[in-house]
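First residue of the sequence shown? That's 11 in our numbering, and the numbers climb one at a time after it. This report concerns only the one structure given below.
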Amino acid sequence: MPGVALVGIQWGDEGKGKVTDLLASDTDFVVRYQGGNNAGHTIVVGGERYALHLVPTGILYPHCTPVIGPGVVVNPQVLLEEMDALEQRGIDTTRLLVSGNAHLVMPYHLELDKVTERRLGKNRLGTTKRGIGPAYADKAARIGLRVQDLLDPDIFKEKLTVALKEKNLMLARVYGRLPLEQARIEEEYLAYGERLAPRIADTSTILHDALDAGRMVMFEGAQATMLDLDHGTYPFVTSSNPIAGGACPGAGVGPRDIDRVIGISKAYCTRVGSGPFPSEADPADADLLVEAGHEYGTTTGRKRRCGWFDAVAARYAARLNTLTELVLTKLDVLSVFSEIKVCVGYEFEGERYDTFPPNQTVFNKCRPVYETLEGWSEDITRVTDAADLPGAALAYLARLEQLVDTPVRWASVGAGREQMVRFPEGVGAPAGAGSGRPAL
Ligand code: GDP
Ligand code: IMO
Ligand code: MG
Numbered sequence: 011m012p013g014v015a016l017v018g019i020q021w022g023d024e025g026k027g028k029v030t031d032l033l034a035s036d037t038d039f040v041v042r043y044q045g046g047n048n049a050g051h052t053i054v055v056g057g058e059r060y061a062l063h064l065v066p067t068g069i070l071y072p073h074c075t076p077v078i079g080p081g082v083v084v085n086p087q088v089l090l091e092e093m094d095a096l097e098q099r100g101i102d103t104t105r106l107l108v109s110g111n112a113h114l115v116m117p118y119h120l121e122l123d124k125v126t127e128r129r130l131g132k133n134r135l136g137t138t139k140r141g142i143g144p145a146y147a148d149k150a151a152r153i154g155l156r157v158q159d160l161l162d163p164d165i166f167k168e169k170l171t172v173a174l175k176e177k178n179l180m181l182a183r184v185y186g187r188l189p190l191e192q193a194r195i196e197e198e199y200l201a202y203g204e205r206l207a208p209r210i211a212d213t214s215t216i217l218h219d220a221l222d223a224g225r226m227v228m229f230e231g232a233q234a235t236m237l238d239l240d241h242g243t244y245p246f247v248t249s250s251n252p253i254a255g256g257a258c259p260g261a262g263v264g265p266r267d268i269d270r271v272i273g274i275s276k277a278y279c280t281r282v283g284s285g286p287f288p289s290e291a292d293p294a295d296a297d298l299l300v301e302a303g304h305e306y307g308t309t310t311g312r313k314r315r316c317g318w319f320d321a322v323a324a325r326y327a328a329r330l331n332t333l334t335e336l337v338l339t340k341l342d343v344l345s346v347f348s349e350i351k352v353c354v355g356y357e358f359e360g361e362r363y364d365t366f367p368p369n370q371t372v373f374n375k376c377r378p379v380y381e382t383l384e385g386w387s388e389d390i391t392r393v394t395d396a397a398d399l400p401g402a403a404l405a406y407l408a409r410l411e412q413l414v415d416t417p418v419r420w421a422s423v424g425a426g427r428e429q430m431v432r433f434p435e436g437v438g439a440p441a442g443a444g445s446g447r448p449a450l
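Structure, rendered in structure tokens:
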């Protein structure tokens with residue numbers, strides 16, 4: 011079973027970093043396949059906290075090769091800063107590989123992300139302003155610059171001339187901004203290229219050889235299913251495909267190279283930025299979740315919007331990703347509630363929806379249908395054995411497992427690497443037992 015994908019099934023920040031890190035202990039390669047430094051993955055090891063944006067989580071294990079795949083958009087300045095910061099903390103980054111086909115986030119992408127958001131006003135997406143959308147737009151428009159262009163100054167300058175001409179017109183004429191200076195970008199980026207050169211590799215071939223040799227490869231999703239460009243809550247999404255299938259183009263592998271798909275979800279739900287969120291809690295409960303769960307973004311520091319577990323969205327995500335199992339994180343945070351709500355359906359104009367509505371108006375305007383479950387008050391942050399979890403916590407996990415019809419294999423009860431409760435067979439028998447997907 012060498013290929014494993016780990017994906018977020020909500021709107022991001024589910025704790026993918028922690029879970030990927032934990033599972034990377036048995037893994038040879040950890041591959042980022044989409045997104046860029048809009049991601050913020052937090053890992054806490056022995057009280058040390060690491061916030062990774064571009065470097066794959068596997069960097070923390072010396073036996074693991076971290077790979078930035080062709081589907082990622084790379085801001086080389088951020089990547090080098092992140093590598094330097096890790097080196098300063100004694101982490102060796104010389105194993106990191108970067109695909110030459112990955113696209114570059116350029117200074118005008120950052121500028122355009124900012125001015126576009128400003129122009130959108132109240133319709134803004136609430137992006138991370140890291141230039142991600144504009145970089146992917148240029149990739150699709152075929153005027154993007156790629157990591158390998160950094161190795162050939164003449165080609166880099168030629169491609170930059172073509173792209174910058176249009177961008178500067180746009181920045182100056184549409185947005186009234188000062189044009190960017192070509193010479194300065196060339197100097198800056200070619201210097202990054204010199205530093206990154208030893209890291210640039212044909213990562214697809216390296217992964218093919220690894221998979222052929224039966225080595226473990228983990229595909230680390232950033233962002234999440236509900237932020238997927240094609241399947242999320244468009245237009246309030248990111249500009250890539252975080253779903254497990256995105257690992258194929260994004261890493262350069264085929265669907266049969268992925269044997270397990272692990273979905274990561276909080277035991278409740280959060281979202282950063284604009285867009286619909288049917289199970290968003292009322293302000294009092296949301297504040298409790300923000301406080302108990304320290305719900306502030308790893309990348310932008312923004313307060314996250316908080317709400318209850320949305321089983322309809324989770325079922326949709328289970329199908330889109332063909333999840334083989336589920337990890338529920340931040341179960342410890344729910345200890346502050348005597349009762350916990352779970353969204354089990356949506357209601358719109360008298361009609362009930364148990365599956366994800368295809369029409370955006372329904373999702374934007376629907377009311378959540380809640381089921382209320384009993385809470386527990388015990389501090390569960392030191393529990394590592396399922397038998398030591400309070401009965402109500404086990405019942406809660408079992409209900410979510412049943413609603414999503416996917417076995418819950420782990421529950422996370424704290425940010426630390428070791429704060430994990432394992433359920434080798436799932437919490438209880440999945441109700442429908444009808445997914446038809448093979449058990450592992
Ligand atoms: P990612 O983007 O999916 O990797 O998630 P983030 O790192 O952005 O956000 C998750 C936050 O929750 C981080 O601060 C983690 O340290 C923290 N975290 C992860 N799992 C748990 C857990 O089980 N309990 C608590 N209390 N915090 C957790
Ligand atoms: P991780 O990997 C949460 C959100 C932004 C915004 C939308 C588009 O840490 O889970 P973008 O900058 O991508 O164009 O912004 O997507 N967003 C995230 N929200 N976690 C993330 O990453 C996110 N990356 C982007 O807040 O709503
Ligand atoms: Mg995050």
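For every residue, glycine included, the Cβ atom is placed at its ideal position computed from N, Cα and C.
Candidates the options, of which the one nearest residue i by Cα
{"i": "residue 387", "options": "380, 375, 400, 377", "result": "400"}
{"i": "residue 435", "options": "419, 428, 424", "result": "419"}
{"i": "residue 360", "options": "353, 376, 371", "result": "376"}
{"i": "residue 320", "options": "188, 409, 183, 61", "result": "409"}
{"i": "residue 62", "options": "39, 72, 73, 31", "result": "31"}
{"i": "residue 90", "options": "422, 58, 203", "result": "203"}
{"i": "residue 368", "options": "102, 323, 174", "result": "323"}
{"i": "residue 173", "options": "156, 162, 161, 185", "result": "156"}
{"i": "residue 130", "options": "185, 100, 109", "result": "185"}
{"i": "residue 314", "options": "331, 334, 403, 276", "result": "276"}
{"i": "residue 281", "options": "260, 243, 294, 162", "result": "243"}
{"i": "residue 201", "options": "362, 411, 163", "result": "163"}
{"i": "residue 103", "options": "123, 77, 139, 347", "result": "77"}
{"i": "residue 140", "options": "153, 25, 278, 125", "result": "125"}
{"i": "residue 4", "options": "331, 74, 312", "result": "This structure leaves residue 4 out entirely; the chain is present only between 11 and 450."}
beta-carbon residue i near the ligand MG non-hydrogen atom, thresh 6 angstroms
{"i": "residue 104", "result": "no"}
{"i": "residue 238", "result": "no"}
{"i": "residue 31", "result": "no"}
{"i": "residue 23", "result": "yes"}
Chain-order list of residues whose beta-carbon lies under 6 angstroms from that of residue i (same chain, five-residue window excluded)
{"i": "residue 426", "result": "54"}
{"i": "residue 27", "result": "51, 52, 53, 67"}
{"i": "residue 432", "result": "420"}
{"i": "residue 351", "result": "318, 380, 382"}
{"i": "residue 182", "result": "189"}
{"i": "residue 448", "result": "Low confidence applies here, because residue 448 scores a pLDDT of 38, under 50, leaving its location unreliable and the question unanswered by this model."}
Cβ-heavy atom distance, residue i to the ligand GDP, below 6 angstroms
{"i": "residue 308", "result": "yes"}
{"i": "residue 321", "result": "no"}
{"i": "residue 52", "result": "yes"}
{"i": "residue 342", "result": "yes"}
{"i": "residue 28", "result": "yes"}
{"i": "residue 275", "result": "no"}
{"i": "residue 339", "result": "yes"}
{"i": "residue 424", "result": "yes"}
heavy atom of the ligand IMO below 6 angstroms from residue i C-beta
{"i": "residue 48", "result": "yes"}
{"i": "residue 253", "result": "no"}
{"i": "residue 248", "result": "yes"}
{"i": "residue 154", "result": "no"}
{"i": "residue 232", "result": "yes"}
{"i": "residue 454", "result": "The structure shown has nothing for residue 454, since the chain only spans 11 to 450."}
Distance between residue j and residue i (C-alpha atoms, nearest Å)
{"i": "residue 217", "j": "residue 263", "result": "8 angstroms"}
{"i": "residue 187", "j": "residue 245", "result": "26 angstroms"}
{"i": "residue 167", "j": "residue 328", "result": "45 angstroms"}
{"i": "residue 210", "j": "residue 96", "result": "19 angstroms"}
{"i": "residue 35", "j": "residue 169", "result": "41 angstroms"}
{"i": "residue 316", "j": "residue 219", "result": "43 angstroms"}
{"i": "residue 195", "j": "residue 117", "result": "8 angstroms"}
{"i": "residue 407", "j": "residue 151", "result": "45 angstroms"}
{"i": "residue 392", "j": "residue 208", "result": "43 angstroms"}
{"i": "residue 424", "j": "residue 340", "result": "6 angstroms"}
{"i": "residue 45", "j": "residue 137", "result": "13 angstroms"}
{"i": "residue 371", "j": "residue 241", "result": "15 angstroms"}
{"i": "residue 429", "j": "residue 384", "result": "23 angstroms"}
{"i": "residue 237", "j": "residue 298", "result": "25 angstroms"}
{"i": "residue 239", "j": "residue 247", "result": "6 angstroms"}
{"i": "residue 49", "j": "residue 215", "result": "26 angstroms"}
{"i": "residue 100", "j": "residue 177", "result": "40 angstroms"}
Other residues of its chain near residue i: CB distance less than 8 angstroms, five sequence neighbours each side excluded
{"i": "residue 389", "result": "342, 345"}
{"i": "residue 225", "result": "12, 38, 39"}
{"i": "residue 272", "result": "14, 15, 16, 17, 29, 33, 333, 334, 335, 336, 337, 419"}
Contacts around residue i, its chain only, beta-carbon distance under 7 angstroms, and the 5 residues preceding and following it disregarded
{"i": "residue 88", "result": "47, 63, 64"}
{"i": "residue 414", "result": "321, 324, 325, 328, 336"}
{"i": "residue 205", "result": "90"}
- prompt: So does the segment 11-21 actually touch the segment 271-291, counting three or more Cβ pairs closer than 8 angstroms?
  reply: yes
message: Could you check whether the segment 108-124 touches the segment 77-97, counting it as contact only if at least three pairs of C-beta atoms, one from each stretch, sit closer than 8 angstroms?
response: yes
- prompt: Touching or not, the segment 230-237 and the segment 250-263, by the rule of three or more beta carbon pairs under 8 angstroms?
  reply: yes
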